[in-house]
Amino acid sequence: MRATTVQLAKARQITEQLLDSLALDNYLFEIEPGEREWALRLDCPLGEQEWTSLTIPVDGRRLLESEADPRLRSEIRESWQQRLAACRRARGG
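Each step along the sequence shown adds one to the number in the numbering used here, with nothing skipped, and position 24 is 289.
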């Protein structure tokens, strides 16, 4: 799916809202569109000084459609939740 600048901005906003809803400790992310599928590239801490990088394939159309579809947004959130579990850690260690 080719993405317009507006679509990419909207996808980034939706992604940020989804990531915030997962209560990640800290993270940096980027949405990268591709010809067939998009990718969520995320960096997050594993410890005090160690970070990890994760890449999750994303269906760009579904991500954009999730803005107006709470059920779809919930499905995406759930599919990311387990994959991003390493980024959720207890404070203080």
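For every residue, glycine included, the Cβ atom is placed at its ideal position computed from N, Cα and C. Nothing here was measured: the structure is a model prediction, and the numbers come from that model.
Beta carbon of residue i nearer than 8 Å to that of residue j
i	j	result
Ile279	Ser331	yes
Gly309	Leu287	Residue 309 is actually Cys in this sequence, not Gly. Taking 8 Å as the Cβ cut-off, Cys309 and Leu287 do not qualify as a contacting pair.
Leu319	Leu283	no
Lys323	Ala304	Strictly speaking, residue 323 in this sequence is Val, with Lys absent from that position. Yes. Within cutoff.
Leu329	Lys275	yes
Ile341	Arg326	no
Minimum length 4: unbroken alpha helix (DSSP H) runs contained in the region 281-338: Listed in chain order, the complete alpha helix (DSSP H) runs (minimum 4 residues) inside the region 281-338 are 325-330.
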